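Q: Below are the structure tokens for one structure; questions will follow.
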Ligand SMILES: Nc1ncnc2c1ncn2[C@@H]1O[C@H](COP(=O)(O)OP(=O)(O)O)[C@@H](O)[C@H]1O
Ligand SMILES: [Mg+2]
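Chains as they are written, first to last, in the UniProt record's numbering: chain A, 1 to 350; chain B, 1 to 290.
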């Protein structure tokens, strides 16, 4: 049974539709990410769960009880804001203790829980610091501890790591995942960073312009994107115009000088999509895509090739595994496994 | 090229010169002259004698008339400051929560009066409550709510209310500035932790805008303690404060040295209070706020 269920939730601001027909059911203990570009309605969705924004239509249930008729203060959710929203006039300990105090927990018990929460986020000994005297990463941890110490049914995170620098962000991702696993807290994370969403989540909800594009595990959304938008948004994708045509009595997929056996389906123009790391260089054979390396960039553990092919530009990523790689200007043949390729028929924009 | 070595950075100093001269001419010299004046001797028939005596200061020190005057001045200033804080802080908070067009409109309504002379604004109170002829008094009496006019003119309460009204924009502005620094999500954060609206205001908002209320309080206090026009119009000759007293000594009694002593004492007291309370506030909030 769904733990947290959003059912056909809509939100309009005037005549601007921020979230449209949002249906999602989250299992207990699951880590869900709402992923999408800025302005696609992620924050609005999160705030509707939190109760700071009222949906125009639809319903939200938590363990079967109607959340929309519950005041935000009574929903018992833990929230970490993008700006952290720490109370600047309170020390880290006082910040964390605030939620416990509101629940009428006695001082002695409070102190123990605050100490445990600080230890959990690796901030033992920082309890007496004011937020202004802490680094961004430390403030982030205080915000997380403050949200988790009240043992929330659901933890809501709004771009919690976006204000941190790259290295710290990676460390916090690992830590966040570990804490979430240990506590088993159902978590909804909002992010516009696809690597973050993939690294952390059990399932990803890809959103665009207020609508859900796809819901699936990180692998599913990456390997089998349901729409052009998803495949573009989750990492780079090569797209080649192609056509499925009857030739010599068999369905053929024709692009450039290639003529591959086509999967079952109607004839007509299609788009071939293939991830850069799935493309390899082959010996010049008749059924591979012909092209030329325009630039070759060394990136440590891999090479990044930009090629100009008969079907337009293509990106190829190759592991730096010691094998010789083509030079700039060299003529190459691009090939990939048929399983790694996606076909999108014309008109099928999503 | 000139052979003489130029001063190291002559240009900034030269640019500063006109303003510096003006400051010396209209602030420092008159202030020094006023301080000197307060030590001169004055007689009914002899006028001002340029000698150095402490008589004026001794008179202020020993005469309970002056004690009462200064006490009243500061009582009025403190009460008016409290009143502006009690009304101004919620005003700024509500203003800050208003939506787009109303926010600007109401901010203009609150700050607009700053463009009108203090005298005009104070005279408004006199028109409303000026004894039998005050419009408000007349109206209230005619509908039978009151039998006698509300005593407002020449009362301390009247001066306090009028001063608070005149100084309100300064408090609202100061609290408004403090509110701009408050994270817009902070109330939601407190709410999600289970705090009700009153708790949020008392535990989260108020402590954060306190520095704004206090610095607004310092501005309002110093302006109230040295205010002249409002106490002169509402308090008149019957209810004197330090500023109106100094004025009277200068222009009616013509005892300039005594007036100067009163003015200098008022100035020193205000500077002392403002500087020390400012230091206290800064120390109190240094930890949590920049
Ligand atoms: N209070 C509001 N009033 C009007 N429009 C809003 C409001 N909040 C959000 N929006 C609009 O709704 C859309 C979605 O916003 P948001 O949920 O914040 O996006 P995201 O978090 O994905 O970047 C945006 O186009 C934004 O301009
Ligand atoms: Mg957002």
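Where is the CB? At the ideal position from N, CA and C, for every residue including glycine.
Every value quoted in this text rests on a predicted model; they were computed, and no experiment measured them.
1) Between residue 29 (chain B) and residue 10 (chain B), what straight-line distance do the alpha-carbon atoms span, to the nearest angstrom?
2) Going by beta-carbon coordinates alone, are residue 157 (chain A) and residue 187 (chain A) separated by less than 8 Å?
3) What is the residue span of the beta strand (DSSP E) that residue 125 (chain B) lies within?
4) Going by DSSP, what residue range makes up the alpha helix (DSSP H) through residue 156 (chain A)?
5) I'd like to know if residue 50 (chain A) contacts chain B, where contact means its C-beta is closer than 8 Å to some C-beta of that chain.
6) Counting C-beta neighbours from all protein chains within 10 Å, is the total for residue 45 (chain B) 16 or more, i.e. buried, or is it exposed?
7) Please confirm if residue 192 (chain A) has its CB atom under 8 Å from at least one CB of chain B.
8) Please classify residue 152 (chain B) as buried or exposed, where buried requires at least 16 other C-beta atoms within 10 Å of its C-beta.
9) Please state whether DSSP places residue 134 (chain A) in a helix, a strand or coil.
10) Can you tell me the Cα-Cα spacing of residue 278 (chain A) and residue 316 (chain A), whole angstroms?
11) Measuring alpha carbon to alpha carbon, tell me which residue in B:22, B:212, B:16, B:166 is nearest residue 110 (chain B).
12) Would residue 89 (chain A) count as contacting chain B if we go by Cβ distances under 8 Å?
13) List the residues of chain A whose Cβ lies closer than 8 Å to the Cβ of residue 196 (chain B), in chain order.
14) With H, G and I counted as helix, E and B as strand and the rest as coil, what does DSSP make of residue 115 (chain A)?
15) So for residue 50 (chain B), helix, strand or coil by DSSP?
16) Which stretch, first to last residue, makes up the beta strand (DSSP E) that contains residue 78 (chain A)?
17) List, from N- to C-terminal side, the beta strand (DSSP E) runs of 3 residues or more that fit wholly inside the stretch 13-53 of chain B.
18) Can you give me the C-alpha to C-alpha distance between residue 334 (chain A) and residue 186 (chain B), rounded to a whole angstrom?
19) Does any C-beta atom of chain A lie closer than 8 Å to the C-beta of residue 2 (chain B)?
20) What does the Cβ neighbour count give for residue 14 (chain A), buried or exposed, with the cut at 16 atoms within 10 Å?
21) Rounding to the nearest angstrom, what Cα-Cα distance links residue 93 (chain B) and residue 87 (chain B) in this structure?
22) Output, in chain order, the set of chain B residues within a Cβ distance shorter than 7 Å of residue 83 (chain A).
23) On the DSSP letters alone, give me the boundaries of the beta strand (DSSP E) that residue 242 (chain A) sits inside.
24) Taking DSSP as the reference, what is the three-state secondary structure of residue 336 (chain A)?
25) On a CA-only basis, which of B:207, B:213, B:193 is nearest residue 353 (chain A)? Give me that one, please.
26) Given a limit of 8 Å on CB to CB distance, which residues of the stretch 256-279 of chain B reach chain A?
27) Rounded to whole angstroms, what is the Cα-Cα separation between residue 10 (chain A) and residue 213 (chain A)?
28) What's the gap between the Cα of residue 349 (chain A) and the Cα of residue 256 (chain A)?
29) Closest to residue 159 (chain B) by C-alpha separation, out of B:79, B:270, B:41, B:12, would be which residue?
30) Curious, which full-length beta strand (DSSP E) runs of at least 3 residues does the stretch 29-115 of chain A contain?
31) On the three-pair Cβ rule with 8 Å, is the stretch 58-69 of chain A touching the stretch 132-145 of chain A?
32) Comparing the C-beta of residue 281 (chain B) with each C-beta of chain A, is any distance below 8 Å?
33) Can the beta-carbon of residue 303 (chain B) be found less than 8 Å from the beta-carbon of residue 262 (chain B)?
34) By Cβ distance below 8 Å, which residues in the same chain neighbour residue 95 (chain B) in space, the five residues on each side in sequence not counted?
35) Which of helix, strand or coil does DSSP assign to residue 165 (chain A)?
36) Does at least one heavy atom of ligand 1 sit under 7 Å from the Cβ of residue 43 (chain A)?
A: Judging by the given coordinates:
1) Counting from 1 along the second chain, the entry for residue 29 (chain B) is found at position 29. Counting from 1 along the second chain, the entry for residue 10 (chain B) is found at position 10. Cα-Cα distance, rounded: 25 Å.
2) Sequence index remark: in the first chain, residue 157 (chain A) carries index 157 (1-based). Sequence index remark: in the first chain, residue 187 (chain A) carries index 187 (1-based). For residue 157 (chain A) and residue 187 (chain A), yes; Cβs fall inside 8 Å.
3) Residue 125 (chain B) sits at position 125 when you count from the first residue of the second chain. Premise fails: residue 125 (chain B) lies in the alpha helix (DSSP H), 118-129, not in any beta strand (DSSP E).
4) On the first chain, position 156 is the one that residue 156 (chain A) refers to. Going by DSSP, residue 156 (chain A) is part of no alpha helix (DSSP H) but of the beta strand (DSSP E) stretching over 154-158.
5) Along the first chain, read from residue 1 onward, the residue named residue 50 (chain A) stands at position 50. Output row for residue 50 (chain A): interface = yes.
6) As a working note, residue 45 (chain B) is residue 45 in the second chain. Answer is exposed; the Cβ neighbour count stays below 16.
7) The residue labelled residue 192 (chain A) in the question sits at position 192 within the first chain. Under the Cβ distance rule, residue 192 (chain A) does not count among the residues neighbouring chain B, no pair being separated by less than 8 Å.
8) Position 152 of the second chain, counting from 1, holds the residue named residue 152 (chain B). Buried: at least 16 other Cβ atoms inside 10 Å.
9) To locate residue 134 (chain A), count along the first chain from 1; it is residue 134. Looking at residue 134 (chain A) - three-state DSSP - the assignment turns out to be coil, as it is neither helix nor strand.
10) As a working note, residue 278 (chain A) is residue 278 in the first chain. As a working note, residue 316 (chain A) is residue 316 in the first chain. Residue 278 (chain A) and residue 316 (chain A): Cα-Cα distance of roughly 8 Å.
11) Translated into positions along the second chain, residue 110 (chain B) becomes position 110. Comparing Cα positions, the closest option is B:166.
12) In the first chain, counting from the first residue as 1, residue 89 (chain A) sits at position 89. Yes, residue 89 (chain A) counts as interfacial toward chain B.
13) By 1-based counting over the second chain, the position of residue 196 (chain B) is 196. Those are 73, listed as they occur along chain A.
14) For the purposes of this step, residue 115 (chain A) is taken as residue 115 along the first chain, with counting starting at 1. Residue state, collapsed to three classes: helix.
15) Here residue 50 (chain B) corresponds to residue number 50 of the second chain, with the count starting at 1. DSSP places residue 50 (chain B) in coil when its eight states are reduced to three.
16) By 1-based counting over the first chain, the position of residue 78 (chain A) is 78. 78-80 is the span of the beta strand (DSSP E), which, as asked, contains residue 78 (chain A).
17) 41-43, 47-49
18) Position 334 of the first chain, counting from 1, holds the residue named residue 334 (chain A). Position 186 of the second chain, counting from 1, holds the residue named residue 186 (chain B). Cα-Cα distance, rounded: 54 Å.
19) Sequence index remark: in the second chain, residue 2 (chain B) carries index 2 (1-based). Only weak support is given to the placement of residue 2 (chain B): the predicted model assigns it a pLDDT of 49, under 50, and the value that follows is read from those uncertain coordinates. Output row for residue 2 (chain B): interface = no.
20) The residue you call residue 14 (chain A) lines up with position 14 of the first chain. Counting Cβ neighbours within 10 Å, residue 14 (chain A) comes out exposed, since fewer than 16 surround it.
21) The sequence position of residue 93 (chain B) within the second chain is 93, counting from 1. The sequence position of residue 87 (chain B) within the second chain is 87, counting from 1. Whole-angstrom Cα-Cα distance: 10 Å.
22) Numbered from 1 along the first chain, position 83 holds the residue referred to as residue 83 (chain A). Near residue 83 (chain A) (Cβ distances below 7 Å), the residues of chain B are 183, 185.
23) For the purposes of this step, residue 242 (chain A) is identified with residue 242 of the first chain, where counting begins at 1. Per DSSP, residue 242 (chain A) belongs to the beta strand (DSSP E) from 238-247.
24) Position 336 of the first chain, counted from the first residue, corresponds to residue 336 (chain A). Correct three-state label for residue 336 (chain A): coil.
25) Any question about residue 353 (chain A) goes unanswered here, given that chain A covers just 1 to 350.
26) none
27) By 1-based counting over the first chain, the position of residue 10 (chain A) is 10. By 1-based counting over the first chain, the position of residue 213 (chain A) is 213. Roughly 15 Å between the two C-alpha positions.
28) Indexing the first chain from 1 puts residue 349 (chain A) at position 349. Indexing the first chain from 1 puts residue 256 (chain A) at position 256. Only weak support exists for where residue 349 (chain A) lies, its pLDDT of 48 falling under 50; the value from the coordinates is given anyway. Taking the straight line from one Cα to the other gives about 23 Å.
29) Counted from its first residue, the second chain places residue 159 (chain B) at position 159. If we check each option's Cα against that of residue 159 (chain B), B:79 comes out closest.
30) 31-35, 57-62, 78-80
31) no
32) The count along the second chain starts at 1 and reaches residue 281 (chain B) at position 281. Residue 281 (chain B) does not count as touching chain A.
33) Residue 303 (chain B) lies beyond the range of chain B shown here (1 to 290); nothing can be said about it.
34) For the purposes of this step, residue 95 (chain B) is taken as the residue at position 95 of the second chain. In chain order, 103, 106, 107, 110, 172, 176 place their CB closer than 8 Å to the CB of residue 95 (chain B), counting only its own chain and leaving out the 5 sequence neighbours on each side.
35) As a position in the first chain, residue 165 (chain A) is number 165, starting the count at 1. Residue 165 (chain A) carries a coil assignment under DSSP once its states are collapsed to helix, strand and coil.
36) Taking the first residue of the first chain as 1, we reach residue 43 (chain A) at position 43. Yes - ligand 1 has a heavy atom lying nearer than 7 Å to the Cβ of residue 43 (chain A).
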